[in-house]
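Undergrad: Numbering (the UniProt record's numbering), first residue to last: 1 to 277. Cβ coordinates follow ideal geometry from the N, Cα and C atoms, glycine included. Nothing here was measured: the structure is a model prediction, and the numbers come from that model.
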Amino acid sequence: MKSKGVVLGFEEAQIVKDGVVEAEKIRTIDAWLDGTDIPRLSGEQIILFLASCDNNVELAQDAIGEYYRIKSSTPQLFAERSVDSDAVRRALSAGRMCTWRDESGCAFGYYDIKVDSKSWGLADGLKLMFMAFDCALYDGPPNGLQLLIDTKEITLAIVAKCFYPDLLRTAFKYFLRASPVKLKKIHMFNTFSITRQMIQVVRPFMDKKLYEQFVFHPRDLQWEEFYEKYVPRRSLPSDLGGDLPTVDDMQQQMIDRMVELGTYYETDEKWIKGLHF
1 MKSKGVVLGF EEAQIVKDGV VEAEKIRTID AWLDGTDIPR LSGEQIILFL ASCDNNVELA
61 QDAIGEYYRI KSSTPQLFAE RSVDSDAVRR ALSAGRMCTW RDESGCAFGY YDIKVDSKSW
121 GLADGLKLMF MAFDCALYDG PPNGLQLLID TKEITLAIVA KCFYPDLLRT AFKYFLRASP
181 VKLKKIHMFN TFSITRQMIQ VVRPFMDKKL YEQFVFHPRD LQWEEFYEKY VPRRSLPSDL
241 GGDLPTVDDM QQQMIDRMVE LGTYYETDEK WIKGLHF
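Here it is in structure tokens:
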């Protein structure tokens, strides 16, 4: 017997009432799952996929299939997801990561790497990032996702650590075709020659559609133009000249939230393995 799916922090009935998704489309995907090897999804999980696919059932089904295949075949990214795990501790010691939503409902993720971060590893960083995304989705479907990545401290040693072709292909496919949130933009700040070298290393493993989401901002970025064209001050941390708290403060808030969601991460891993819970 299939499990009932992973419980999230919002109610299916309320999202349907709000007109975000249609109840009939949730039932259609639920019935479709019976003919697959994919473990049962809760109505709330299905809602995330439908919302991210503009309520297109076929696209949502494709995304669910990729989501399950990637999560079940990549334990280095999706198993043992705990703030206390060695991988997450290493990632947190090597850089900063936080997520938040603005008043429009758009989700944001910020990431940077600390100078001389010898402990940084690609798998560790991706595991933390995907945990953070799940944390951001837990309370309901956002109005898309924008990533803000500061490359100021990127070194050639970090670039070399990025060259894991299979892991890169998997991560990029997850971003574009599996994650239950629509990726709007990836803003790369403080770009310089090493940043361009890093992009050249990873670009062969990246879908053209994903690459088109990147926006590269130089070190002499005119911030007022950025606020007007891309993201307003009210939606950004104070580190980027915004009105929100500091990245450090928001990271701690995110870590506290991840601790609260410990049972969710454990249940999600059981779902990946097809275990009853």
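1. At 4 residues or longer, what runs of the alpha helix (DSSP H) sit wholly inside the stretch 77-163?
2. Which value, in whole angstroms, describes the spacing of the CA atoms of T263 and D54?
3. Looking only at C-alpha atoms, which of M198, I29, D248 and P142 sits nearest to G95?
4. In the DSSP assignment, what are the bridge partners of M254?
5. Can you tell me where the alpha helix (DSSP H) with K173 in it begins and where it stops?
6. Looking at the secondary structure, which residues open and close the alpha helix (DSSP H) in which T195 lies?
7. Can you look up K4 in the DSSP assignment and give me helix, strand or coil?
8. Could you give the distance in angstroms between the alpha-carbon of L261 and the alpha-carbon of F189?
9. Using only CA atoms, which one of A136, W271, L145 and I26 lies nearest to Q253?
10. Confirm, please, whether the CB-CB distance from Q146 to K185 is below 8 Å.
11. For S82, I'd like the list of residues in its chain whose CB is within less than 7 Å of its CB, leaving aside the five on either flank, ordered along the chain.
12. What are the boundary residues of the alpha helix (DSSP H) that F49 is part of?
13. Just to confirm before moving on: does the CB-CB distance between V6 and S52 stay below 8 Å?
14. Hey, could you find the ends of the alpha helix (DSSP H) V57 is sitting in?
15. In three-state terms, what does DSSP make of K229?
16. Where DSSP assigns a beta bridge to M188, which residues make up the other side?
17. Could you give the C-beta distance for F205 and F175, rounded to a whole number, given that I count them as a contact under 8 Å?
18. Would you call the stretch 146-157 and the stretch 30-50 touching, i.e. three or more CB-CB distances under 8 Å?
19. Tell me which residues share the same chain as A123 and place their Cβ nearer than 8 Å to its Cβ, disregarding the 5 neighbours each side in the sequence.
20. Could you please give the first and the last residue of the uninterrupted alpha helix (DSSP H) stretch that includes E11?
21. With respect to the alpha helix (DSSP H) encompassing G262, which residues constitute its N-terminal and C-terminal limits?
22. By DSSP's criteria, L237 is part of a beta bridge. Which residues make up the other side?
23. Straight-line CA distance for D62 to R177?
24. Between which two residues does the alpha helix (DSSP H) holding E24 run?
25. Less than 8 Å between C-beta atoms, sequence neighbours within five positions excluded: which residues of the same chain meet that for D11?
TA: By the coordinates alone:
1. Listed in chain order, they are 86-94, 122-137 and 156-161.
2. Approximately 29 Å, taken between the alpha carbons.
3. The shortest CA-to-CA distance from G95 to any of M198, I29, D248 and P142 is the one to D248.
4. In the DSSP output, where bridge partners are listed per residue, M254 has none listed.
5. P165 to K173 is the span of the alpha helix (DSSP H), which, as asked, contains K173.
6. Segment S193 to V202, the alpha helix (DSSP H) holding T195.
7. In the structure shown, K4 adopts coil according to DSSP, grouped into three states.
8. Spanning the two alpha carbons is a distance of roughly 30 Å.
9. Of the candidates A136, W271, L145 and I26, the residue whose Cα lies closest to the Cα of Q253 is A136.
10. Cβ atoms of K185 and Q146: closer than 8 Å.
11. If we look at S82 and ignore the five residues flanking it on each side, its Cβ neighbours are V88, G262 and Y265.
12. Unbroken alpha helix (DSSP H) run through F49: G43 to S52.
13. The answer is no: Cβ separation not under 8 Å.
14. Counted as a single uninterrupted DSSP element, the alpha helix (DSSP H) harbouring V57 occupies residues V57 to S73.
15. Shown here, K229 sits in a helix according to DSSP, grouped into three states.
16. Residue pairing by DSSP puts M188 in a beta bridge opposite I149 and F216.
17. That belief does not hold up - the Cβ atoms of F205 and F175 are roughly 11 Å apart, past 8 Å.
18. The stretch 146-157 vs the stretch 30-50: no contact.
19. Around A123: Q76, L77, A87, Y164 and L167.
20. No alpha helix (DSSP H) contains E11, which DSSP labels as neither H nor E.
21. Looking at the DSSP string, the run of the alpha helix (DSSP H) that includes G262 is G262 to I272.
22. Before going on, a small fix: residue 237 reads as Pro here, not Leu. The partner list for P237 (beta bridge, DSSP) reads L244.
23. Taking the CA atoms as reference points, D62 sits about 8 Å from R177.
24. Residues A23 to L33.
25. Here residue 11 turns out to be Glu, not Asp, going by the sequence shown. These residues qualify, in order along the chain: E44.
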